[in-house]
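S.K.:
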Amino acid sequence: MENVISQPHVPGDEVVIRKSVSYHPTVWGDYFILQAQSSPSTQECDARMQERAAELMEQVRSMFKDTTDILQTMDLVDSIQLLGLSYHFEKEISEALNRVHDADFNDQALYETALRFRLLRQEGYHVTPDVFNKFKDEKGSFMCTLESDVKGLLSLYNAAHLGTHREIILDEAISFTRNHLLSALGDLKPPLTTQVSLDLETPLYRRMRRLLARDYIFIYQEDATRNDVILELAKLDFNILQSLHREELKNISLWWNEIAPFKSLDFSRDRLVECYYWTLGIYFEPHYSRARMITAKVIALITIMDDIYDVYSTLEESRQFTEAIQRWDAKTVHQLPEYMKDYFLKLIHTFEEFETLLALDEKYRLYYLKEAMKAVSKAYFEESKWSAQRYVPTVEEHLQVSLISAAYPMLKCASFVGMGEIATEEVFKWITSFPKIVRASTIIARIMNDITSHEVWS
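Under this note's numbering, think of the first position of the sequence shown as 540, with each following residue one higher.
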C-alpha cells in the first residue's frame, strides 16, 4: 500500500515529502548462505553423482544409436527434453530429428502426427499444420472419434500452442482439445491425470524448463513404459544442477549482503532470490553459470533503481541521479543525496567486478550494457516527470518510454554479457538496435507488467 511520509533530506534542511510503499520483506534471509555450506562428505557425494551420471549418459547415447524406429526415436527425444536432459545430447537430438523430418510420415495416428509436429517446430524445422487436416470431417470440424483418444488429444493440444498468426487450424485444435481434455479429466488415472492437469494449466512450450523437469520426473517414474536408465539420469542431473544453483545463490546472497545493510535503501524491494530465479528461465545449464550470476545481479540492481525513481526520490533528486548515471563516473557521487551514493557506488563497483569476470576480448560487452542501463534511467526519469506534473501521456508516448522502462531490452542485453563465444559483438549490435522480436516481446512483457501492477495495487 502506498502512503506519503515526511522525511528530512539532510539534517537542517527543510522537510521533504516522499512516497513510501510497504513491500513485504524477503522470506529468504540468509537461507542460501547457511544451507550451502560445503564439506568433504558433500563434495565426495557430488563427485560420485557426477561419475554415475557420466556412465548413464553413455548408455543413453547408445540408445540414440540403436533406436531406428521413428516413433521410438520421437518418444526418446521427447522424454530427454521433458526431463531437462537435452543439453547433454544436443548432437544426438539434432541427428535424430533430421531422421524424423526426412522419414515418410503420412499414415500416422493423432499422437504421432502431433508429436512429430511439436518436436520439429520447436527446433525451427519448417512443418505445416496442414498435416492435421486428415483429422477433420467433411464439415471441417475435428472428428468426434478423436474424443476418446486422450493421449492423442494431449499431444495435439501441446503441438497447437506452437502455432503462429493465421494458422487457424491450430487455434481450432486448442479449443477442441482443451474442451475434451477437461471433460475427460475426472476419468483419467495417474500419471496421465497429473500430466493433463499440468499441461492444461500451462502448455509445455510455455513452461519453465526446470519446473517442467521436476514435474515430469514424477510423471515419468509412474509411466509403465519408462526407461530406468533415463529416469536415474534425470534424477541425478536434477540434483547436480540444483546443488550448483544453490551455490550460485549463496555467492549472490553474499554480494547482496553488502547492499542490504544500507538503511538508506530500506525503502526498496529485497527480491534477490526471485531475481536469480528469473535467470533460470533463460538458461539453467552449468556452462552458463557466469551469465546467470551477472544477469541476476543486474536485475537486482535495476530493481533498486526502479524503486528509487518510482517510490522515493524527489524530482530534483531524480534529475541529479539521472545525470550521474549518464556520466557513469564514481567521482560524481558527491553530487548525490546519501541514499543515492550508496547505490551508485555499488552499481559502479559491481560493473567493475563484471569486467574482471570477462576475458579481454569480451570486455566490450559492458559498453552495451552500460548504455542500456543509461537508457532505462532516462526512461525512469521521464516517467517521474509525468508523475510530478500529473501528465497523462498518449498511448504512443507511453509506449515510447515504457518499453524502455520495462527494462526488458536492457535485460536481454545483460543476459548475453556472461555467455561464451556465441555472444559476438554483432549480437550486441543487433539486440540493442531494438529489432522486431525484441520490441514484440517487450510489448507483451510491458502490458503484462501493467496488468499485474494494477491488480496488485488496486
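Beta carbons are placed, not taken as given, at the ideal position from N, Cα and C, and that holds for glycine.
Please read all numbers here as calculations on a predicted model, not as lab measurements.
Would L772 and A592 qualify as a contact pair, given that the criterion is a beta-carbon distance under 8 Å?
M.R.: Here residue 772 refers to the residue found at position 233 of the sequence shown. Here residue 592 refers to the residue found at position 53 of the sequence shown. Yes, the pair counts as a contact, with Cβ atoms nearer than the cut-off.
S.K.: Taking CB distances under 8 Å as the criterion, tell me whether Y907 reaches chain D.
M.R.: The structure shown has no chain D; it contains just one protein chain.
S.K.: Between the stretch 929 to 949 and the stretch 884 to 897, do three or more beta carbon pairs fall short of 8 Å?
M.R.: No, the stretch 929 to 949 is not in contact with the stretch 884 to 897.
S.K.: If you draw a straight line from the C-alpha of I619 to the C-alpha of T612, how long is it?
M.R.: Within the sequence shown, the letter at position 80 stands for residue 619. Within the sequence shown, the letter at position 73 stands for residue 612. Taking the straight line from one Cα to the other gives about 11 Å.
S.K.: In terms of DSSP beta bridges, what is F681 paired with?
M.R.: As a working mapping, residue 681 is identified with position 142 in the sequence shown. Its beta-bridge partners are K675.
S.K.: By the 10 Å Cβ neighbour count, where 16 or more other Cβ atoms means buried, how is Q734 classified, buried or exposed?
M.R.: Sequence index remark: in the sequence shown, residue 734 carries index 195 (1-based). Counting Cβ neighbours within 10 Å, Q734 comes out buried, since at least 16 surround it.
S.K.: With a threshold of 16 other CB atoms inside 10 Å of the CB of R985, please say whether the residue is buried or exposed.
M.R.: By one-based count along the sequence shown, residue 985 stands at place 446. That one is buried.
S.K.: Taking L739 and L720 to be in contact with their CB atoms under 8 Å, please state how far apart those CB atoms are, rounded to whole angstroms.
M.R.: In the sequence shown, the residue the question calls residue 739 occupies position 200. In the sequence shown, the residue the question calls residue 720 occupies position 181. The Cβ separation is near 6 Å, so the contact holds.
S.K.: Taking Cβ positions, are L770 and Q781 nearer each other than 8 Å?
M.R.: Counting from 1 along the sequence shown, the entry for residue 770 is found at position 231. Counting from 1 along the sequence shown, the entry for residue 781 is found at position 242. Cβ atoms of L770 and Q781: not closer than 8 Å.
S.K.: Got a sec, what are the start and stop residues for the alpha helix (DSSP H) P742 sits in?
M.R.: Numbered from its first residue, the sequence shown carries residue 742 at position 203. Here P742 belongs to no alpha helix (DSSP H), and DSSP marks it neither H nor E.
S.K.: Between W867, R660, R745, I847, which lies nearest to P998 when the distance is taken from Cα to Cα?
M.R.: Because residue 998 is not part of the residues shown, which for the chain are 540 to 997, the question remains open.
S.K.: Is M987 closer than 8 Å to S916 when the C-beta atoms are compared?
M.R.: To locate residue 916, count along the sequence shown from 1; it is residue 377. To locate residue 987, count along the sequence shown from 1; it is residue 448. Against a cut-off of 8 Å, the Cβ pair of M987 and S916 comes out as no contact.
S.K.: Go through its chain and collect everything with a Cβ distance to Q874's Cβ below 7 Å, but skip five positions before and after it.
M.R.: Translated into positions along the sequence shown, residue 874 becomes position 335. Result list for Q874: Q859, A863, in chain order.
S.K.: Alpha carbons only, please: which of V689, E797, L788, E936 is nearest the one belonging to F571?
M.R.: The residue you call residue 571 lines up with position 32 of the sequence shown. If we check each option's Cα against that of F571, L788 comes out closest.
S.K.: Could you spell out where the alpha helix (DSSP H) holding V931 opens and where it closes?
M.R.: Numbered from its first residue, the sequence shown carries residue 931 at position 392. Run containing V931: none; DSSP gives neither H nor E here.
S.K.: Using alpha carbons as the reference points, say which of L621, R765, G820, E711 lies closest to H784.
M.R.: As a first step, residue 784 is located in the sequence shown; it is residue number 245 there, counting from the start. If we check each option's Cα against that of H784, G820 comes out closest.
S.K.: Quick one: measure Cβ to Cβ for F806 and S857, integer angstroms, because I've assumed they're closer than 8 Å.
M.R.: Within the sequence shown, residue 806 is the residue found at index 267, counting from 1. Within the sequence shown, residue 857 is the residue found at index 318, counting from 1. Rounded, the Cβ-Cβ distance is 14 Å, inconsistent with contact.
S.K.: Going by C-alpha to C-alpha distance, which of T667, D776, I943 sits closest to L595?
M.R.: Position 56 of the sequence shown, counted from the start, is the residue given in the question as residue 595. The candidate whose alpha carbon is nearest that of L595 is D776.
S.K.: By a C-beta neighbour count over all protein chains shown, 10 Å radius and 16 as the cutoff for buried, is S545 buried or exposed?
M.R.: Numbered from 1 along the sequence shown, position 6 holds the residue referred to as residue 545. The predicted position of S545 is uncertain, since its pLDDT is 43 and thus under 50; no value can be drawn from it.
S.K.: Any idea if V616 is buried or exposed, counting beta-carbon neighbours within 10 angstroms, 16 or more meaning buried?
M.R.: Position 77 of the sequence shown, counted from the first residue, corresponds to residue 616. Buried.
S.K.: Could you tell me how far apart the beta carbons of P742 and N697 are, in whole angstroms, since I believe they sit closer than 8 Å?
M.R.: Counting from 1 along the sequence shown, the entry for residue 742 is found at position 203. Counting from 1 along the sequence shown, the entry for residue 697 is found at position 158. At roughly 6 Å, the Cβ-Cβ gap stays under 8 Å, so P742 and N697 are in contact.
S.K.: Can you tell me whether DSSP reads S972 as helix, strand or coil?
M.R.: Here residue 972 is taken as the residue at index 433 of the sequence shown, counted from 1. Looking at S972 - three-state DSSP - the assignment turns out to be coil, as it is neither helix nor strand.
S.K.: Alpha carbon to alpha carbon, what distance is there between W867 and A927?
M.R.: Your numbering for residue 927 matches position 388 in the sequence shown. Your numbering for residue 867 matches position 328 in the sequence shown. Looking at the two C-alpha atoms, the distance is approximately 26 Å.
S.K.: May I have the straight-line CA-CA distance separating F890 from L905, to the nearest angstrom?
M.R.: As a working note, residue 890 is residue 351 in the sequence shown. As a working note, residue 905 is residue 366 in the sequence shown. Approximately 8 Å, taken between the alpha carbons.
S.K.: How long is the line joining the alpha carbons of Y816 and R929, rounded to whole angstroms?
M.R.: As a first step, residue 816 is located in the sequence shown; it is residue number 277 there, counting from the start. As a first step, residue 929 is located in the sequence shown; it is residue number 390 there, counting from the start. In a straight line, the C-alpha of Y816 is about 36 Å away from that of R929.
S.K.: Take L727 and list the residues in its own chain whose beta-carbon comes closer than 7 Å to its own, dropping the five residues that flank it on each side.
M.R.: If you number the sequence shown from 1, residue 727 lands on position 188. So the qualifying residues of the chain are V689, V735.
S.K.: Return the residue from the list A830, L573, N790, A839 that minimises the CA-CA distance to R810.
M.R.: Sequence index remark: in the sequence shown, residue 810 carries index 271 (1-based). Measuring from the Cα of R810, the nearest candidate turns out to be A839.
S.K.: Is any heavy atom of the ligand FAD found at a distance shorter than 7 Å from the C-beta of R810?
M.R.: Absence of the ligand FAD is noted for the structure shown, with no ligands found whatsoever.
S.K.: Cα separation between S625 and M602?
M.R.: Against the sequence shown, residue 625 aligns to sequence position 86. Against the sequence shown, residue 602 aligns to sequence position 63. Their Cα atoms are separated by approximately 14 Å.
S.K.: R810 by DSSP, collapsed to three states: which one?
M.R.: As a first step, residue 810 must be located in the sequence shown, where it is residue number 271. Of the three classes helix, strand and coil, the one that applies to R810 here is coil, per DSSP.
S.K.: Quick check: what's the CA-CA separation for Y664 versus R655?
M.R.: By 1-based counting over the sequence shown, the position of residue 664 is 125. By 1-based counting over the sequence shown, the position of residue 655 is 116. Going by the C-alpha atoms only, they are around 11 Å apart.
S.K.: With DSSP collapsed to three states, give me the class of I887.
M.R.: Here the question's residue 887 lines up with position 348 in the sequence shown. Helix.
S.K.: For V560 and T853, which I take to be in contact (beta-carbon distance under 8 Å), what is that distance rounded to the nearest angstrom?
M.R.: By one-based count along the sequence shown, residue 560 stands at place 21. By one-based count along the sequence shown, residue 853 stands at place 314. Not really, about 16 Å apart at Cβ, beyond 8 Å.
S.K.: Classify K836: buried if its beta carbon has 16 or more other beta carbons within 10 angstroms, exposed otherwise.
M.R.: Residue numbering aside, residue 836 sits at position 297 when the sequence shown is read from its first letter. Label assigned to K836: buried.
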